[in-house]
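2 protein chains.
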Amino acid sequence: MESTEPARSTAEARRAVVIDRAVAVFAKNGYHATPVADVAAAAGISQAYVFRLFEGKLGLFVAALERCYARIEDALREGARKAGDGGSPAEVLEAMGDAYADLIADRDLLMMQVHAQSVADVPEVLAAMRRGYASVVSLAYALSGANRDQVQHFMAMGQLCHLIVAMDLDSVDETWARTLTKGMRHVPAPPRDAPSA
Amino acid sequence: MESTEPARSTAEARRAVVIDRAVAVFAKNGYHATPVADVAAAAGISQAYVFRLFEGKLGLFVAALERCYARIEDALREGARKAGDGGSPAEVLEAMGDAYADLIADRDLLMMQVHAQSVADVPEVLAAMRRGYASVVSLAYALSGANRDQVQHFMAMGQLCHLIVAMDLDSVDETWARTLTKGMRHVPAPPRDAPSA
DNA sequence: CATGTATGTGAGTACACACTCACAACCGTT
DNA sequence: AACGGTTGTGAGTGTGTACTCACATACATG
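What follows is the structure in structure tokens.
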């Protein structure tokens with residue numbers, strides 16, 4: 000029988016799982032507030048090895064951020080695919096928005112972007128963000144055929160979504176909060192009872 | 000003649016200048032990446048005294064954040080006042096947006112909000128943010144008479160503006176960047192020649 | 001002038017964290 | 001079996017920083 004846990008792994012495979020865990024851990028506390036030891040623990044390896052696998056804490060964060068954009072791009076493509084070729088640009092964008100909403104249900108991908116914005120003065124982070132948003136905006140154009148105003152509105156709603164989730168406005172039952180959340184399909188959150196894996 | 004610098008000040012007055020400097024310093028590097036020593040130095044007092052004036056680094060940050068919202072509220076009121084009572088809701092909102100754009104020309108107030116979003120999991124920060132946004136949204140309603148969709152769109156554009164400034168998209172001459180920045184009056188920057196006070 | 005109160009600081013403490021390095025365990029090849 | 005390359009770690013090191021405290025300096029009042 001094959002062992003439940005392979006004692007050894009390739010560096011590439013290890014990097015992949017570390018990045019996955021890094022997304023979750025960085026999303027929770029942000030860049031400066033999360034020690035790499037936390038990521039290492041979440042990945043089940045030593046801090047020392049994390050530093051061998053990545054170029055410092057910054058390299059790890061950038062890798063995690065890039066993973067986020069890759070996942071977002073996949074979701075947008077999938078959303079557009081579901082909408083089919085017959086839909087109007089607005090309909091395709093709507094479907095892509097829904098796909099995005101589903102993707103960020105766990106908050107991790109969304110919070111990574113919020114945290115990245117806060118560290119955007121670091122050149123490597125800024126570059127990764129620009130690459131990511133460039134891809135997302137290009138996808139929005141290419142898959143939906145929408146015009147500039149529509150794509151801009153699409154992105155603006157995404158940003159509003161970030162604010163809503165960061166401030167957890169769903170749990171605020173006041174007029175101002177309802178104004179911001181109106182019509183937004185972020186964080187479904189209904190039947191969540193088994194938090195651990 | 001009165002001395003150029005009063006050797007002594009009241010705690011209240013000192014707090015005011017420290018908060019002012021704290022906005023600038025926190026805006027530059029964010030919460031976790033700025034030592035209180037930097038704020039103390041910017042304010043010209045010792046770290047020890049900062050800790051006597053505020054409830055820890057967190058209290059200082061929250062005070063700075065509240066100052067931001069207060070300044071934003073003032074700007075919105077001023078913008079609405081300039082628009083006059085005769086304007087349509089959309090026109091008043093437009094004027095308020097312009098006033099906001101002027102206010103955040105120096106990036107500090109805007110970046111403080113970006114950084115706050117990244118630390119929104121701290122209860123005190125979250126509470127301050129909710130108070131701030133509650134006031135801003137309420138003001139948008141009350142001063143413009145706009146409806147829910149209009150106010151939501153107003154706020155969404157504000158969030159998009161944050162992204163644009165954080166990523167410095169004005170200096171990116173590509174289609175995707177132009178899509179996001181279209182029609183946004185953030186960071187005017189043209190005829191500004193006397194930056195210092 | 002003595003005394004009290006508010007303003008202010010120098011010097012320290014405790015600790016967290018990014019990063020390193022010598023070394024160990026494993027595996028494929030000859 | 002011996003060798004070399006890759007995967008992996010324990011145990012540090014240096015530094016940065018939040019927070020404290022005993023103490024100093026100014027001002028007001030009897």
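Residue numbers (numbering that gives the first Met the number 0), protein chains in the order written: chain S, 0 to 196; chain G, 0 to 196.
For glycine and all other residues, C-beta sits at the position ideal for the given N, C-alpha and C.
Proximity of residue i and residue j at Cβ, strictly below 8 Å
i: G/LEU159; j: G/LEU168; result: no
i: G/SER143; j: G/LEU92; result: yes
i: G/ALA36; j: G/VAL17; result: no
i: S/THR107; j: S/VAL22; result: As written in the sequence, residue 107 of chain S is Asp, which differs from the Thr given in the question. Yes, they are a contact pair.
i: G/ALA115; j: G/LEU64; result: yes
i: G/ALA133; j: G/ALA139; result: no
i: G/LYS81; j: G/ALA94; result: yes
i: G/ALA119; j: S/MET156; result: no
i: G/HIS152; j: G/LEU109; result: no
Anticipated Cβ contact below 8 Å, residue i with residue j, distance rounded
i: G/MET111; j: G/PHE25; result: 6 Å
i: G/SER117; j: G/GLY29; result: 7 Å
i: S/VAL113; j: S/VAL136; result: That pair is no contact at about 18 Å.
i: S/HIS185; j: S/VAL171; result: With 8 Å as the limit, S/HIS185 and S/VAL171 do not qualify as a contact, their Cβ atoms being about 14 Å apart.
i: G/LYS181; j: S/ARG66; result: Their Cβ separation, rounded to whole angstroms, is 29 Å, which puts G/LYS181 and S/ARG66 out of contact at 8 Å.
i: G/GLY131; j: G/TYR68; result: 3 Å
Residue range of the unbroken alpha helix (DSSP H) whose run includes residue i
i: G/ASN146; result: Run containing G/ASN146: none; DSSP gives neither H nor E here.
i: G/LEU52; result: 46-52
i: S/VAL106; result: The sequence as given places Arg at residue 106 of chain S; Val does not occur at that position. Note, S/ARG106: premise wrong, no alpha helix (DSSP H); not H, not E.
i: S/LEU57; result: 55-82
i: G/THR178; result: 174-180
i: G/ASP167; result: Premise fails: G/ASP167 is in no alpha helix (DSSP H) and is neither H nor E.
i: G/ASP120; result: Run containing G/ASP120: none; DSSP gives neither H nor E here.
i: S/ARG20; result: 10-28
i: G/ALA40; result: 35-42
Proximity test, residue i beta-carbon vs the ligand GDP heavy atom, cut-off 7 Å
i: G/LEU64; result: By its list of ligands, the structure shown contains no ligand whatsoever, and the ligand GDP lies outside what it can speak to.
Within 9 Å of chain G by C-beta, residues of the stretch 18-34 of chain S in sequence order: LYS27, ASN28, GLY29, TYR30, HIS31 and ALA32
Under 7 Å (Cβ pairs) to chain G, residues found in the stretch 130-159 of chain S: TYR132, ALA133, VAL136, SER137, ARG147, VAL150, GLN151, MET154, ALA155, MET156, GLN158 and LEU159
The stretch 58-78 of chain S contacting the stretch 115-130 of chain S, beta-carbon criterion three pairs below 8 Å: yes
The stretch 73-83 of chain S / the stretch 27-42 of chain S touching (three or more Cβ pairs under 8 Å): no
Chain-ordered residues of the stretch 104-132 of chain G with a beta carbon less than 8 Å from chain S: VAL113, HIS114, GLN116, SER117, VAL118, ALA119, ASP120, LEU125, MET128, ARG129 and TYR132
Given 8 Å, three or more beta-carbon pairs between the stretch 10-18 of chain S and the stretch 43-53 of chain S: yes
The stretch 162-176 of chain G: positions lying closer than 9 Å to chain S by Cβ: LEU162, ALA165, MET166, ASP167, LEU168, VAL171, GLU173, THR174, TRP175 and ALA176
Proximal residues, the stretch 42-56 of chain S versus chain G, C-beta separation under 9 Å: none
Interface positions of the stretch 54-88 of chain S facing chain G (Cβ-Cβ less than 7 Å), listed along the chain: none
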